[in-house]
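K.L.:
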Amino acid sequence: GAGVSQSPRYKVAKRGQDVALRCDPISGHVSLFWYQQALGQGPEFLTYFQNEAQLDKSGLPSDRFFAERPEGSVSTLKIQRTQQEDSAVYLCASSLHAGPYEQYFGPGTRLTVT
Amino acid sequence: SQQGEEDPQALSIQEGENATMNCSYKTSINNLQWYRQNSGRGLVHLILIRSNEREKHSGRLRVTLDTSKKSSSLLITASRAADTASYFCATGPNTGNQFYFGTGTSLTVIP
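Protein sequence lines correspond, in order, to chains A and B. Using the numbering used here, you'd call the opening residue of the first sequence number 6 and step up by one each time. Using the numbering used here, you'd call the opening residue of the second sequence number 57 and step up by one each time.
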């Protein structure tokens, strides 16, 4: 069946631009996570949704980062006024159940801020 | 910040040898998971071990967990070139929803 998909796969933004990254989780999955992965590092937690509720956003690095999942399926991560330090791969993962169980990851969006 | 630390950072072995990598973490956990990441397939879940389990097997993978030492190990037996990838441990918390990945071990299996 279809896995987690993300779009775009690559995004180049000029510093100061706003970007929106999309995640389509596996159908029926309750949990959705966003992570940021810098080169050579492990993924860093950004935020967690259970259905449409954003239960944890403690990992968002600044108020320029905003995530939503209005209907409990597709999610969007928005970054306003991008900075060079935002350059990273943004990963989305979904999980069938609520809580910290097996996650299925998308291919990621590589964001480069110039 | 990263919750877990993997050791070693990099490991190079011959095909057919066993590979062992270790993970240490900081807080109490519900479970610990291992993931593999390579450029071809992205991040893929390998195995989950619950905090009340000490050892778990899946195919050529063997995972141990020592909650008193806050550490885990992943053993890959009879390695293959296709096992070449980065391996991450990830901890699922007892409370809250933050899910922490370690820094990763880069494994190279030489044919």
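Every residue gets a Cβ at the ideal spot worked out from N, C-alpha and C, and that includes glycine.
Comparing C-alpha positions only, which one of A:Ala-18, A:Val-17, A:Val-118, A:Ile-84 sits nearest to A:Trp-39?
P.N.:
Translated into positions along the first sequence, residue 39 of chain A becomes position 34. With distances taken between Cα atoms, A:Trp-39 lies closest to A:Ile-84.
K.L.:
So what does DSSP say about B:Gln-154, is it helix, strand or coil?
P.N.:
As a first step, residue 154 of chain B must be located in the second sequence, where it is residue number 98. Coil, per DSSP.
K.L.:
Using the Cβ count rule (16 or more neighbours within 10 Å means buried), how would you classify B:Ser-114?
P.N.:
For the purposes of this step, residue 114 of chain B is identified with residue 58 of the second sequence, where counting begins at 1. Answer is exposed; the Cβ neighbour count stays below 16.
K.L.:
Is A:Ala-43 buried or exposed, if buried means 16 or more other CB atoms sit within 10 Å of its CB?
P.N.:
Numbered from 1 along the first sequence, position 38 holds the residue referred to as residue 43 of chain A. Counting Cβ neighbours within 10 Å, A:Ala-43 comes out exposed, since fewer than 16 surround it.
K.L.:
Taking only three categories from DSSP, how would you classify A:Glu-49?
P.N.:
Indexing the first sequence from 1 puts residue 49 of chain A at position 44. Residue state, collapsed to three classes: strand.
K.L.:
Taking only the alpha-carbon atoms, compute the straight-line gap between B:Ile-166 and A:Ala-7 and give it to the nearest angstrom.
P.N.:
Stepping through the second sequence from its first residue, residue 166 of chain B is reached at position 110. Stepping through the first sequence from its first residue, residue 7 of chain A is reached at position 2. For B:Ile-166 and A:Ala-7, the distance between alpha carbons rounds to 33 Å.
K.L.:
How would you label A:Tyr-15, buried or exposed, when you count the other beta carbons within 10 angstroms and need 16 or more for buried?
P.N.:
For the purposes of this step, residue 15 of chain A is identified with residue 10 of the first sequence, where counting begins at 1. Label assigned to A:Tyr-15: exposed.
K.L.:
Are B:Ser-80 and B:Lys-112 close, meaning C-beta to C-beta below 9 Å?
P.N.:
Within the second sequence, residue 80 of chain B is the residue found at index 24, counting from 1. Within the second sequence, residue 112 of chain B is the residue found at index 56, counting from 1. It is not a contact, given that the beta carbons lie outside the stated cut-off.
K.L.:
Roughly how far, in whole angstroms, is the beta-carbon of B:Ile-110 from the beta-carbon of B:Thr-120, given that I think they are within contact range, below 8 Å?
P.N.:
What you label residue 110 of chain B is simply residue 54 of the second sequence in a count that begins at 1. What you label residue 120 of chain B is simply residue 64 of the second sequence in a count that begins at 1. Correcting the residue type first, residue 110 of chain B is Arg in the shown sequence and not Ile. Contact holds; Cβ gap of about 7 Å.
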